[in-house]
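Below: one structure, written as structure tokens.
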Amino acid sequence: MLQDDTILIRIAEKKDLPEVRELLRETWHDTYGKNVSIEELDTYLDTVYCEKNLADILNEDRENCFVAIQSGNIIGWMRLKRDDDNDIFHLISIYVKPHLQGKGAGKLLLDQGCRIAREYRFEKITLGVMAVNKKSIEWYKKQGFVEIRREPFTWITTTVDNIIMDKVIFFD
Ligand SMILES: CC(C)(COP(=O)(O)OP(=O)(O)OC[C@H]1O[C@@H](n2cnc3c(N)ncnc32)[C@H](O)[C@@H]1OP(=O)(O)O)[C@@H](O)C(=O)NCCC(=O)NCCS
1 MLQDDTILIR
11 IAEKKDLPEV
21 RELLRETWHD
31 TYGKNVSIEE
41 LDTYLDTVYC
51 EKNLADILNE
61 DRENCFVAIQ
71 SGNIIGWMRL
81 KRDDDNDIFH
91 LISIYVKPHL
101 QGKGAGKLLL
111 DQGCRIAREY
121 RFEKITLGVM
131 AVNKKSIEWY
141 KKQGFVEIRR
151 EPFTWITTTV
161 DNIIMDKVIF
171 FD
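Residue numbering for the sequence shown follows our numbering, beginning at 1 and increasing consecutively.
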């Protein structure tokens, strides 16, 4: 029998969090390991993205988190945040497991992000990406994002150059 490798997107749930944290660990090591030490990435994961903080994020009214599922496994994660006071819709994070990148999961997650932004009548999606992360910058450009400015981002002690990008949301 052929295996069904369909990718599904659904709202993240508390039971997903251990798997989400492992996905973040693996993807951060792969993406940022040359620029930020593995110890610092793991410390950031165990403090800022500890299971309790992630559970709080899931319960936060202004946030929406989604997972991409394939064959019963979590292969992608996306976190969105609405800042109504400043009229900013943030794509805070989007990650797909390294060996499953380039197969459509990121695009499905981002499409869902655009749907949520549209639902809340935001005209743009905003994100920050490390300037050295050329591959993802090219991916974002292909998805319609443009650079608007640069600003520093600090992990725990390491400060990096971040590119802030915007994508205009179209309404039917
Ligand atoms: C960036 C990321 C989320 C994209 O998800 P993905 O699943 O790899 O991307 P997809 O397979 O959905 O991409 C689909 C489309 O992008 C294109 N694409 C893929 N990689 C690309 C690249 N590096 N540059 C330009 N286009 C690219 C594909 O050709 C495809 O185009 P099509 O729809 O016209 O056929 C994922 O690669 C990732 O997690 N990267 C590492 C972590 C990271 O940097 N996250 C962002 C932090 S700010």
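Where a beta carbon is used, it is the ideal one built from N, C-alpha and C, also for glycine.
Quiz item: Name the DSSP bridge partner or partners of Y95?
Solution: In DSSP, Y95 forms a bridge with W77.
Self-check item: CA nearest to the CA of Y95, picked from V67, A131, M165
Solution: For the residues V67, A131, M165, the minimum Cα distance to Y95 belongs to V67.
Quiz prompt | Proximity below 7 Å, CB of D151 to CB of N162 | solution = It should be noted that the sequence gives Glu, not Asp, for residue 151. A contact, by the Cβ cut-off of 7 Å.
Self-check item: Reference F170, options M130, Y120, E138, closest by Cα
Solution: Ranking M130, Y120, E138 by Cα distance to F170 puts Y120 first.
Practice problem: For R10, name the three-state secondary structure that DSSP assigns. | Solution: Strand.
Self-check item: C-alpha distance - R21 paired with M165, whole-angstrom precision
Solution: Cα-Cα distance, rounded: 25 Å.
Exercise. In the DSSP assignment, find the alpha helix (DSSP H) that holds I169 and state where it starts and stops.
Key: Run containing I169: none; DSSP gives neither H nor E here.
Quiz prompt | Those runs of the beta strand (DSSP E) which lie wholly inside the stretch 139-165 and span at least 3 residues | solution = If we require 3 residues or more, the beta strand (DSSP E) runs fully inside the stretch 139-165 come out as 146-154.
Practice problem: Per DSSP, which residues does R82 bridge with? Please list them. | Solution: DSSP output for R82 lists F89 as bridge partner(s).
Quiz prompt | DSSP state of N59 mapped onto helix, strand, coil | solution = Helix.
Quiz item: Which residues in the same chain have their Cβ closer than 6 Å to the Cβ of T154, if we skip the five residues on either side of it in sequence?
Solution: So no residue of the chain qualifies.
Quiz item: Just how far apart, CA to CA, sit K34 and E13?
Solution: If you draw a straight line from the Cα of K34 to the Cα of E13, it comes to about 31 Å.
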